[in-house]
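S.K.:
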Amino acid sequence: MFDEDSRYALIGSVGACIVFVITFVACWLYAISHFGLFLGIGLGWIPSGFIAVFAALFVRFLWPLLLIVVALITIIVFVPQLINGNSKQMSSAGRGLTELYSRYAINGGEVYDNKTNLTWARCSVGQKWVEGNGCVGDAGDFTFDEARSQASGSWRVPTREELETLFRTLEVKYKGADPRPVTIDEAAFPNMDHFWYWSSTPANDPLAWYVSFGSLDGYHGYSGRGLRTETKAVRLVRSGH
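Whatever position you read off the sequence shown (first residue = 1), add 406 for the numbering used here.
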């Protein structure tokens, strides 16, 4: 068994050997790269050896001091960065929550988006807004051509880009639970029984663009192209208040 002094000396000796080898090789390679192959190999080992010996002696006898210095540097340099990073993340999450619940001005069955200057129907076509109950009934299923025919007056089928403005992927962490993906503001758009919505944006025939507020392979909210004969839900929009 080693006594305390022997263990101290053993740690210092092993550390010194490791530091010597690493320092010597690094310095020698530096000499070769800066002074050429001939001088670097022929003479570079001399200063490399002196530097390596000095570093090894320092580690051999002063390795506890070296550990203290490294610990202090870590505390001074990295801890403030870690604290600032966490503060920024918390601030960003707070801004996200504030935006999520202050972005929309709700008025009965309509909701105005202050960010895009668009007014949305809170219910999908086929549902009916009932005060106190939200969107009642089942959302209709429409082909692409049927979806575009649902436009009435100033109400129209939104473009793909307009639907994408409703995406929200805010991870709200609960203690002991996984993050919960929110792809749309459920306070503004309640009773979502459909995830796939037609846009008015056509793609190469026979395809058209739709937007999904569900999840696919880890993506929460995405756009895709589907056959125009497929059936999906419709949410109407109009410009301005």
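We put the beta carbon where it would ideally sit given N, CA and C, even for glycine.
Just reading off the beta strand (DSSP E) that Arg644 is part of, what are its end residues?
M.R.: Element bounds for Arg644: Val643 to Ser645.
S.K.: Can you find the residues in the same chain that come closer than 6 Å, C-beta to C-beta, to Leu572, ignoring five residues on each side of it along the sequence?
M.R.: Result list for Leu572: Ile590, in chain order.
S.K.: Near Gln556, which residues of its chain fall below 6 Å by C-beta distance, leaving aside the five closest residues on each side in sequence?
M.R.: Excluding residues within five positions, the ones whose Cβ falls inside 6 Å are Val531 and Val640.
S.K.: By DSSP, does Gly582 sit in helix, in strand, or in coil?
M.R.: In this prediction, Gly582 scores a pLDDT of 45, lower than 50, which makes its location untrustworthy; the coordinate-derived value is nonetheless stated afterwards. Looking at Gly582 - three-state DSSP - the assignment turns out to be coil, as it is neither helix nor strand.
S.K.: How is Val425 classed by DSSP in three states: helix, strand or coil?
M.R.: Correct three-state label for Val425: helix.
S.K.: What number of angstroms, rounded off, separates the C-alpha of Lys638 from the C-alpha of Pro486?
M.R.: Answer to the nearest angstrom: the Cα atoms are 51 Å apart.
S.K.: Between which two residues does the alpha helix (DSSP H) carrying Asp551 extend?
M.R.: Run containing Asp551: Phe550 to Arg554, per the alpha helix (DSSP H) assignment.
S.K.: Find out if the Cβ-Cβ distance for the pair Trp526, Phe595 is shorter than 9 Å.
M.R.: Cβ distance < 9 Å, so Trp526 and Phe595 count as in contact.
S.K.: DSSP on Leu503, reduced to helix/strand/coil?
M.R.: The pLDDT assigned to Leu503 is 45, lower than 50, so where the model puts this residue is not dependable; a value taken from the coordinates is nonetheless given after this. Reduced to three states, the DSSP call for Leu503 is helix.
S.K.: Run through DSSP, which three-state label would Gly540 get?
M.R.: Reduced to three states, the DSSP call for Gly540 is strand.
S.K.: In terms of DSSP beta bridges, what is Thr525 paired with?
M.R.: Its beta-bridge partners are Tyr518 and Arg644.
S.K.: Note down, in chain order, each residue of its chain lying with its Cβ closer than 7 Å to the Cβ of Gly543, except the 5 sequence neighbours on either side.
M.R.: Correct list, in chain order: Gly532, Gln533 and Lys534.
S.K.: What separation, rounded to the nearest whole angstrom, lies between the Cα atoms of Lys494 and Asn523?
M.R.: Low confidence applies here, because Lys494 scores a pLDDT of 47, under 50, leaving its location unreliable and the question unanswered by this model.
S.K.: Report the option in Ser439, Pro608 and Pro453 whose CA atom is closest to the CA atom of Phe426.
M.R.: Comparing Cα-Cα distances from Phe426 to each of Ser439, Pro608 and Pro453, the minimum goes to Pro453.
S.K.: I think Gly450 touches Trp434, with their Cβ atoms under 8 Å apart; what is that distance to the nearest whole Å?
M.R.: That pair is a contact at about 5 Å.
S.K.: How many angstroms separate the CA atom of Arg611 from the CA atom of Thr549?
M.R.: In the sequence as displayed, the identity of residue 611 is Asp instead of Arg. Rounded to whole angstroms, Asp611 to Thr549 spans 14 Å at the Cα level.
S.K.: May I ask you to list the residues that DSSP assigns as paired with Trp535?
M.R.: Beta-bridge pairing links Trp535 to Cys541.
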